[in-house]
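Engineer: The structure that follows is given in the form of structure tokens.
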């Protein structure tokens, strides 16, 4: 380890609230959800007809949904991305709509849906000639990618890394989650006593990280620091989390230790908060294990944006930096009746952040957990 | 210093390990599962093994061979601070096609959850994590070039960054798999280990899987 810090110098997102960080932040603060009726493909046989999609994107024609999100986003920001940047692409299904079209009407080459093909396109969109990798770890894909980007910088392997994250609402994924009975019939209500599942969402975004030294040399304004992380696995079940939250608690503790901060330093907590009965219950148990009686304000953005799968971690880290820098804990959208277990932890109203450190966590299929500690700079 | 403590490998007809110089033939993965259990390479049956996709079956068996090669024991009730990094050429492309074709053949009315769970590139790592009790980091990475050497280098870095104490690095597809157990050198242990840097240097110019296995066998015999 070099002793250098990994700092975030640029970021941007597109979410079901629209283009840019402000639209998402203001949408969450308005307490209005971006989840609505889905008309991309037939949904009458599924558990729900609702999802959160980026407005104005046409499905099933020419380019994939993720390219339709990423191309304008990266082109707008290309001047901020140095040519020697290392790329980490985080996704679960990437351009899966291309595989759908191949199976449904053979209009595309199915292999073009592979993540390595998407990586080549993103390298071009970012104007990068250097190598990159694709990281995939279910719904923790992009939070792990951000953690590893910071690790590459802190260890001195690279001094500039971009994490690009994306996933879309597709028939492929929608049918799958419906078959697992994981979707709420109405819309996701994280930490609500009447919650009954998640709502799918889509998003794309990027986070540009630099060593503190390089950021200073290039006069970059710093958004915040990726100070530590903890990665664990429940080693318990393929689709359900460990009921006692022990895997996530271990990830949070590892993250606190790695960032050299204590639980008392944490001003607020960005939970995975999918709205499924078991996930949200597991998370509160993990929080109680780590924080004990020291209740920190906890929120989930998924009642607003839906569950954006592989993009969720990056999106939530960006919103967590907004939260730190604006000193506001965003409200948990769609939270009406707080579950007894979560009482005193979550709120449907915005609160004030007391502190300059926050944690963002994600968990996913296969029992994967990731906790990332973010510091105000 | 990071070293390689054990290596297991499987092709469509053969399997083996490097340090203990194990080698054998098999007919199908179901019989290999039974055989490895009989030989105590697998300590107990893998639950639902028959329902796994081919890549997950290959991954589980090559990890069992690598752990046995490294002399690492496990049980149903023990969990370990071991991470797992997987890679391959195609992600879960074949499983994606199988799942979606099945869904379309059902009139686009119902999907099979048991096929859907294999449409994540990380699922073939998750199945063994559950079986062997790996509680460390779990992820899939697609490297652009030099797949196996890049994977070994990356897994070594994860240990050096103290993300976990040991790493399983596994390349697996429907047809072949090779798995490495990485850890810090333990000067008190008498178990044979291989230098990570030496193995990376040796295999980085080889693309053929069978040639890589032959080269690893030579290194193991030295």
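Protein chains in written order, with my numbering: chain A, 1 to 377; chain B, 1001 to 1222.
Each residue gets a CB set at the ideal place from its N, CA and C atoms; glycine is no exception.
For my contact list, residue 56 of chain A and residue 83 of chain A are in at a C-beta cut-off of 8 Å; report their separation, rounded to the angstrom.
Structural biologist: Counting from 1 along the first chain, the entry for residue 56 of chain A is found at position 56. Counting from 1 along the first chain, the entry for residue 83 of chain A is found at position 83. Not quite, the Cβ-Cβ distance comes to about 31 Å (not below 8 Å), so this is no contact.
Engineer: Would you mind telling me which residues of chain B sit closer than 8 Å to residue 224 of chain A, beta carbon to beta carbon, in chain order?
Structural biologist: Taking the first chain and counting its residues from 1, the one referred to as residue 224 of chain A is at position 224. Chain B residues near residue 224 of chain A: none, gap ~20 Å exceeds 8 Å.
Engineer: Which residue spans inside the stretch 301-367 of chain A form an unbroken beta strand (DSSP E) run of at least 3?
Structural biologist: Entirely contained in the stretch 301-367 of chain A, the beta strand (DSSP E) runs reaching 3 residues are, in chain order, 357-364.
Engineer: Which two residues bound the contiguous alpha helix (DSSP H) that contains residue 215 of chain A?
Structural biologist: For the purposes of this step, residue 215 of chain A is identified with residue 215 of the first chain, where counting begins at 1. From DSSP, the alpha helix (DSSP H) with residue 215 of chain A extends over 212-217.
Engineer: The ligand FMN heavy atoms versus the CB of residue 1066 of chain B: any closer than 7 Å?
Structural biologist: By its list of ligands, the structure shown contains no ligand whatsoever, and the ligand FMN lies outside what it can speak to.
Engineer: List the endpoints of the continuous beta strand (DSSP E) containing residue 1215 of chain B.
Structural biologist: Reading the second chain from its first residue, position 215 is the one you call residue 1215 of chain B. Segment 1209-1221 is the alpha helix (DSSP H) holding residue 1215 of chain B; no beta strand (DSSP E) there.
Engineer: Decide yes or no for the touch test of the stretch 10-19 of chain A against the stretch 231-245 of chain A: beta carbon pairs closer than 8 Å, at least 3 of them.
Structural biologist: As far as the Cβ criterion goes, the stretch 10-19 of chain A does not touch the stretch 231-245 of chain A, which means the pair count is below three.
Engineer: Report the option in A:173, A:159 and A:39 whose CA atom is closest to the CA atom of residue 214 of chain A.
Structural biologist: Here the question's residue 214 of chain A lines up with position 214 in the first chain. When each option's Cα is compared against that of residue 214 of chain A, the closest is A:159.
Engineer: What residues in the stretch 1095-1128 of chain B have a beta carbon less than 8 Å from any beta carbon of chain A?
Structural biologist: Flagged, chain order: 1096, 1097, 1099, 1100, 1101, 1103, 1104, 1108, 1109, 1110, 1111, 1112, 1113, 1116, 1117, 1119, 1120, 1121, 1122, 1123, 1125, 1126 and 1127.
Engineer: Do you know offhand how far residue 278 of chain A's Cα is from residue 325 of chain A's?
Structural biologist: For the purposes of this step, residue 278 of chain A is taken as residue 278 along the first chain, with counting starting at 1. For the purposes of this step, residue 325 of chain A is taken as residue 325 along the first chain, with counting starting at 1. Going by the C-alpha atoms only, they are around 32 Å apart.
Engineer: Indicate whether residue 205 of chain A and residue 314 of chain A have their beta-carbon atoms separated by less than 8 Å.
Structural biologist: Residue 205 of chain A sits at position 205 when you count from the first residue of the first chain. Residue 314 of chain A sits at position 314 when you count from the first residue of the first chain. Yes, Cβ-Cβ distance for residue 205 of chain A and residue 314 of chain A is below 8 Å.
Engineer: Give, in chain order, every unbroken run of the beta strand (DSSP E) that is at least 3 residues long and sits entirely within the stretch 220-291 of chain A.
Structural biologist: The stretch 220-291 of chain A contains these whole beta strand (DSSP E) runs: 224-233 and 266-270.
Engineer: Does DSSP classify residue 1127 of chain B as helix, strand or coil?
Structural biologist: Mapped onto the second chain, residue 1127 of chain B falls at position 127. Of the three classes helix, strand and coil, the one that applies to residue 1127 of chain B here is helix, per DSSP.
Engineer: Can you confirm whether the stretch 147-157 of chain A touches the stretch 110-123 of chain A when touching is taken to mean that 3 or more C-beta pairs between the two stretches lie within less than 8 Å?
Structural biologist: Result no; under three Cβ-Cβ pairs closer than 8 Å.
Engineer: Helix, strand or coil for residue 128 of chain A per DSSP?
Structural biologist: Within the first chain, the letter at position 128 stands for residue 128 of chain A. Reduced to three states, the DSSP call for residue 128 of chain A is coil.
Engineer: With distances taken from CA atoms, which of B:1147, B:1062 and B:1195 is nearest residue 1005 of chain B?
Structural biologist: Here the question's residue 1005 of chain B lines up with position 5 in the second chain. When each option's Cα is compared against that of residue 1005 of chain B, the closest is B:1195.
Engineer: Got a sec: is the Cβ-Cβ distance from residue 175 of chain A to anything in chain B below 8 Å?
Structural biologist: As a position in the first chain, residue 175 of chain A is number 175, starting the count at 1. For residue 175 of chain A, the answer is yes, since a Cβ of chain B falls inside 8 Å of its Cβ.
Engineer: Could you work out which residues of chain B lie near residue 133 of chain A, taking near to mean beta carbons separated by less than 9 Å?
Structural biologist: The sequence position of residue 133 of chain A within the first chain is 133, counting from 1. What residue 133 of chain A touches in chain B: 1141, 1142, 1143, 1144, 1150 and 1154.
Engineer: Relative to chain B, which residues along the stretch 106-117 of chain A have a C-beta separation below 9 Å, given in chain order?
Structural biologist: Within the stretch 106-117 of chain A, the qualifying residues are 110, 111, 113, 114, 115 and 116.
Engineer: Which of helix, strand or coil does DSSP assign to residue 1014 of chain B?
Structural biologist: Counting from 1 along the second chain, the entry for residue 1014 of chain B is found at position 14. Correct three-state label for residue 1014 of chain B: strand.
Engineer: Whole angstroms are fine: how far does the CA of residue 8 of chain A sit from the CA of residue 216 of chain A?
Structural biologist: Within the first chain, numbered from 1, the residue matching residue 216 of chain A stands at position 216. Within the first chain, numbered from 1, the residue matching residue 8 of chain A stands at position 8. One C-alpha to the other measures close to 12 Å.
Engineer: Considering only C-alpha positions, which residue in the set B:1171, B:1070, B:1064 and B:1140 is nearest to residue 1185 of chain B?
Structural biologist: What you label residue 1185 of chain B is simply residue 185 of the second chain in a count that begins at 1. Checking every option, the nearest Cα to that of residue 1185 of chain B belongs to B:1070.
Engineer: Starting from the beta carbon of residue 365 of chain A, find every residue of chain B whose beta carbon is closer than 8 Å, and list them in chain order.
Structural biologist: As a position in the first chain, residue 365 of chain A is number 365, starting the count at 1. 1117, 1120, 1122, 1123 and 1126, listed in chain order.
Engineer: Beta carbons nearer than 8 Å to chain A: which residues of the stretch 1179-1200 of chain B have them?
Structural biologist: From the stretch 1179-1200 of chain B, no residue has a Cβ closer than 8 Å to chain A.
Engineer: Mind listing which residues of the stretch 293-310 of chain A have their C-beta closer than 7 Å to chain B's C-betas, in chain order?
Structural biologist: Those residues of the stretch 293-310 of chain A that come within reach of chain B (Cβ to Cβ, closer than 7 Å) do not exist; the list is empty.
Engineer: Would you say residue 1133 of chain B and residue 1159 of chain B are within 8 Å of each other, going by their C-beta atoms?
Structural biologist: Position 133 of the second chain holds residue 1133 of chain B. Position 159 of the second chain holds residue 1159 of chain B. Not in contact: residue 1133 of chain B and residue 1159 of chain B (Cβ atoms no closer than 8 Å).
Engineer: Counting only beta-carbon atoms, is residue 161 of chain A nearer than 8 Å to chain B?
Structural biologist: Within the first chain, residue 161 of chain A is the residue found at index 161, counting from 1. Chain B contact via Cβ: absent.
Engineer: Quick check on this structure: which residue in A:176, A:90 and A:112 has the alpha carbon closest to the alpha carbon of residue 46 of chain A?
Structural biologist: Taking the first chain and counting its residues from 1, the one referred to as residue 46 of chain A is at position 46. The residue with the shortest Cα to Cα distance from residue 46 of chain A is A:176.
Engineer: What does the Cβ neighbour count give for residue 1167 of chain B, buried or exposed, with the cut at 16 atoms within 10 Å?
Structural biologist: Walking along the second chain from the start, residue 1167 of chain B turns up at place 167. Residue 1167 of chain B is buried by the Cβ-count criterion.
Engineer: According to DSSP, simplified to helix, strand and coil, what is residue 1038 of chain B?
Structural biologist: Translated into the one-based positions of the second chain, residue 1038 of chain B becomes position 38. Helix at residue 1038 of chain B.
Engineer: Would you call the CB atoms of residue 52 of chain A and residue 199 of chain A closer than 8 Å?
Structural biologist: In the first chain, residue 52 of chain A corresponds to position 52, counting from 1. In the first chain, residue 199 of chain A corresponds to position 199, counting from 1. In contact: residue 52 of chain A and residue 199 of chain A (Cβ atoms closer than 8 Å).
Engineer: Give me, in chain order, the residues of the same chain whose beta-carbon lies closer than 7 Å to that of residue 107 of chain A; leave out the 5 immediate sequence neighbours on both sides.
Structural biologist: As a position in the first chain, residue 107 of chain A is number 107, starting the count at 1. Counting only Cβ-Cβ distances below 7 Å, and skipping sequence neighbours, we find 101.
Engineer: Spatial neighbours of residue 191 of chain A within its chain, please: CB distance less than 7 Å, with the 5 preceding and 5 following residues excluded, ordered by chain position.
Structural biologist: Within the first chain, numbered from 1, the residue matching residue 191 of chain A stands at position 191. Taken in chain order, the residues that qualify are 273, 280, 300, 332, 335, 338, 339, 342 and 346.
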